[in-house]
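Protein chains in written order, with the working numbering: chain A, 516 to 810; chain B, 1085 to 1343. Backbone N, C-alpha and C define an ideal beta-carbon position, used for all residues, glycine too. Given the structure is predicted, the values throughout are model-derived calculations rather than measurements.
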Amino acid sequence: MDLLIQQFVNALSLGGIYAMLALGLAIVFSIVRLINFAHGEIMTFGGYGIFLAMAFGFPPVAALVVGLGAAVFMAIAMERTAFRAMRGADVVSLLITSFAVSEILKVLFQNGISARPVPISFPASWSGTYQVGSTTIGIAPTVSILVTIFALIGLTIVLRRTTTGIAMRAAAEDIAMLKLLGVKANRVIAVAFAISGLLAGIAAVIWTAQRGSVDPLMGFFPVLKAFIATVLGGLGSLGGAVLGGFVIGALEVLTQAFLPTGLAPYRDAIVLALVIAALLARPDGLLPAKTANRS
Amino acid sequence: MGKRSSSCAKPLIRPSCRSHKPLDTALDIVGLAVRYGPIRAVRGIDLHVTKGCVTALLGANGAGKTTTMMAIAGAVPVSGGSVTIFGADLTNATSDRIVRAGVGISPEGRRVFAQLTVEENLRLAGSVLGDPNRAAELTDRMKTRFPILAERRNQMAGLLSGGEQQMLAVARALMSAPQLLLLDEPSLGLAPQMVDQIFDIIEELKSEGISILLVEQNAALALDVCDHAVVLANGEVVAAGPPSELANDGVLKAAYLAA
């Protein structure tokens, strides 16, 4: 029972990271049809932001804020320098552009900072635990779950209540019409990138706080999982991205915890096989774009 | 023939709809050309909308009517000629500048945001003014003008009927308080009763002094409401003049049959 609760917390915590990354991918995709393969580098850059701020003697919490800012900056810079020039190109050209951006940044991280992981030492209290009855639960996963919940609620409020959020939903539907109304589409797109960067930044903060180091490939693997999550949830569907993220996170944690040791090397294969099975049953994803946006 | 309106003939403050004086001009297009790759969709047309008047743009499918509208609205690049709106040269200007210069557009196919509520559709269009009080005032006015929209304000626009969506498209175009309204095929696919309602609204807007460029498949309807008509065929103007002259003109029929 205790183990089950602990694993449930871990699943939510990891799923939350995937959900935020997937959501960032989905927001950008829904508006500019860009499958941003460089999203992982936004997260990595956030991690290096934290590292550099700590190196310059910032207190840990301030360093986390710097990390968030670095991720937002990187997302906006990417849009401005690489993707804006490609606006309106087909999905494949955009995808290849994002591959290029991703590779360039990885090389810059490797040569400019270090190819190996750089350590970030947060206060020991952050990796502490607390007791609920007889169950021991980590502080970091708990905080990460709370942060995820706040981020998702915050994003929902922005999308539902603010004019910019409404414009983002409208842009996902018909960006040419949005322009005809006189709305500045460039601004709406920049905000979408900024939000995706912020979510990647939050993921970077949680990720580094739990792992204590940053390397050039830090963002690559979680974003790969987030891609799978967006496809599982329904490409372009925001609700689907979140659901997909939590499902992938849960599957990973559960297979890790409960798979017999003999099958452990096949963990990813088993998770992906389950995803494929789900997509065979529901080819448009768990929550396809239209209905998810309508909610 | 039973013209709905002859307000332009009355001694109002509005100029005569035949006036081409710069101060009386809402929209002046000279030699407009638009290309889609090698295809010359619009080949040097002249078009004029006098302040407070309705100019109808007629012609068969593919004559270049919608392309002309989109060029005025800044949605397709102009390859030749000029677009002057209320005295400002807005040839190839961005849509946001054109809207801020006082142009509202209700495009072909209505294109309401189906997954946004009626209220959100209006709010979005009103946000362009950058003045929440003015936007709220305009929203209230739209709700009085289109009671059905007030009733359905929290419904997804995609769930409205075709006629209601058309009302929303017009209301949305009016949310930036335009002085020149571009209406593309407002009657398309609507029940006759709805068409009447839409045209009553056009009359009403005109009487409030809003200048209108109306693209319409239904030539009889358009000639009934307009003060001036221009007939396009294959991207060129083949006839222009007051509706009374065009109504019995063979050119109009030929233009529709040509395509």
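1. For a quick check, are the C-beta atoms of residue 558(A) and residue 718(A) less than 8 Å apart?
2. Could you tell me which of 1243(B), 1183(B), 1229(B) and 1234(B) sits nearest to residue 1031(B), measuring between CA atoms?
3. If we define contact as Cβ-Cβ less than 8 Å, is residue 1197(B) a contact residue for chain A?
4. Under 7 Å between beta-carbons, which chain B residues line up against residue 697(A)? List them in chain order, please.
5. Determine, using beta carbons only, whether residue 528(A) and residue 654(A) come nearer to each other than 8 Å.
6. Against residue 1191(B), what residues of chain A qualify as contacts under a CB-to-CB distance less than 8 Å, listed in chain order?
7. If you drop the 5 nearest sequence neighbours on each side, which residues of the same chain put their C-beta closer than 7 Å to that of residue 566(A)?
8. On a CA-only basis, which of 1309(B), 1277(B), 1304(B) and 1269(B) is nearest residue 1288(B)? Give me that one, please.
9. Using a Cβ cut-off of 8 Å (strictly closer), state whether residue 1298(B) contacts chain A.
10. Can you check which of these residues, 801(A), 700(A) and 672(A), is closest to residue 749(A) by C-alpha distance?
11. Should residue 1204(B) be flagged as near chain A, meaning a C-beta pair shorter than 8 Å?
12. Closest Cβ-Cβ distance between residue 1207(B) and chain A: below 8 Å?
13. Taking residue 1294(B) as the reference, give the member of 1274(B), 1260(B), 1327(B) and 1228(B) with the closest Cα.
14. Inspect the CB distances between the region 762-771 of chain A and the region 729-748 of chain A and report whether three or more fall short of 8 Å.
15. What residue ranges within the region 583-652 of chain A form continuous alpha helix (DSSP H) runs of no fewer than 4 residues, ordered along the chain?
16. Can you tell me the Cα-Cα spacing of residue 1338(B) and residue 1325(B), whole angstroms?
17. Alpha carbon to alpha carbon, what distance is there between residue 1167(B) and residue 674(A)?
18. Helix, strand or coil for residue 1292(B), going by three-state DSSP, please let me know.
19. Please state whether DSSP places residue 1284(B) in a helix, a strand or coil.
20. In whole angstroms, give me the CA-to-CA distance for residue 1301(B) and residue 1276(B).
21. Smallest Cα separation from residue 550(A): which of 680(A), 646(A), 536(A) and 562(A)?
22. My understanding is that residue 1266(B) touches residue 1189(B), with C-beta atoms under 8 Å, so please give their C-beta distance in whole angstroms.
According to the structure data:
1. yes
2. The question about residue 1031(B) has no answer here: the residues shown for chain B are numbered 1085 through 1343.
3. yes
4. 1179, 1180, 1183, 1184, 1212 and 1260
5. no
6. 692 and 695
7. 633, 635 and 729
8. 1309(B)
9. no
10. 801(A)
11. yes
12. yes
13. 1260(B)
14. yes
15. 606-627
16. 16 Å
17. 37 Å
18. coil
19. helix
20. 14 Å
21. 536(A)
22. 4 Å
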